[in-house]
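Trainee:
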Amino acid sequence: MTEKKEQLFQDKIDAGLKIEPKDWMPDKYRKHLIRQISQHAHSEIIGMQPEGNWITRAPSLRAKMVLIAKVQDEAGHGLYLYSATETLGITRSELIEQLQTGKAKYSSIFNYPTLSWADMG
């Protein structure tokens, strides 16, 4: 039965049809989607933190406004992505726990310090 479901699933993909979160999909496929989307979400949230630290040190009011808008956008992207993973059957709390315990990853570029305003942009 599972082989038949997997073949039907693959046929949908091959035909270019959309796979919706509540549609049947192989467990490995669902887990891989959750991992990819959550990594993107974590990167959005972690990535806005160094930028947020520079809001009070922006060289002009205009630069401060631009940076505030960028940080707000990144937070929104992270929230949208967390919501997308929730439709796949994992809670936001589980995702945050995975991030905090090191089980989940984010883009390593955010581990480098932002020592100057030039690093922001």
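As numbered in my numbering, the sequence shown has no gaps in its residue numbers, which increase by one up to the final residue, 116. Backbone N, C-alpha and C fix where the C-beta goes; we use that ideal spot for every residue, glycine too.
#1: Using only the alpha-carbon positions, how far apart do A53 and A70 sit?
#2: Taking its Cβ as the centre, do 16 or more other Cβ atoms sit within 10 Å of G42, making it buried, or is it exposed?
#3: Report the option in M(-4), A99, E(-2), E46 whose CA atom is closest to the CA atom of I63.
#4: What separation, rounded to the nearest whole angstrom, lies between the Cα atoms of V61 and G73?
#5: With a CB to CB cut of under 6 Å and the five nearest residues on each side skipped, what residues in its chain are close to I29?
#6: Check whether the Cβ atoms of Y77 and R87 lie closer than 7 Å to each other.
#7: Please confirm whether any heavy atom of the ligand NAP lies closer than 6 Å to the CB of K23.
#8: Taking the CB atoms as reference points, tell me whether A113 and S33 lie closer together than 7 Å.
#9: Counting along the chain, where does the alpha helix (DSSP H) carrying T80 start and finish?
#10: Using a Cβ cut-off of 7 Å (strictly closer), state whether E69 contacts chain B.
#11: Give the secondary structure of E15 by DSSP, where H, G and I count as helix, E and B as strand, and everything else as coil.
#12: If we count the other Cβ atoms within 10 Å of its Cβ and call it buried at 16 or more, is A36 buried or exposed?
Mentor: According to the structure shown:
#1: As a first step, residue 53 must be located in the sequence shown, where it is residue number 58. As a first step, residue 70 must be located in the sequence shown, where it is residue number 75. Their Cα atoms are separated by approximately 19 Å.
#2: Numbered from 1 along the sequence shown, position 47 holds the residue referred to as residue 42. Buried, since its Cβ has 16 or more Cβ neighbours within 10 Å.
#3: Here residue 63 refers to the residue found at position 68 of the sequence shown. The option with the nearest alpha carbon to I63 is E46.
#4: Looking up residue 61 in the sequence shown gives position 66. Looking up residue 73 in the sequence shown gives position 78. Their Cα atoms are separated by approximately 19 Å.
#5: One-based indexing of the sequence shown puts residue 29 at position 34. Excluding positions up to five away in sequence, the list reads T80, L83, I85.
#6: In the sequence shown, the residue the question calls residue 77 occupies position 82. In the sequence shown, the residue the question calls residue 87 occupies position 92. The answer is yes: Cβ separation under 7 Å.
#7: In terms of ligand content, the structure shown is empty, and the ligand NAP therefore cannot be addressed.
#8: Here residue 113 corresponds to residue number 118 of the sequence shown, with the count starting at 1. Here residue 33 corresponds to residue number 38 of the sequence shown, with the count starting at 1. Cβ atoms of A113 and S33: not closer than 7 Å.
#9: To locate residue 80, count along the sequence shown from 1; it is residue 85. Unbroken alpha helix (DSSP H) run through T80: 56 to 81.
#10: No chain B is present in this structure, which holds just one protein chain.
#11: Working through the sequence shown from its first residue, we reach residue 15 at position 20. DSSP places E15 in coil when its eight states are reduced to three.
#12: Counting from one through the sequence shown, the residue named residue 36 turns up at place 41. A36 comes out buried.
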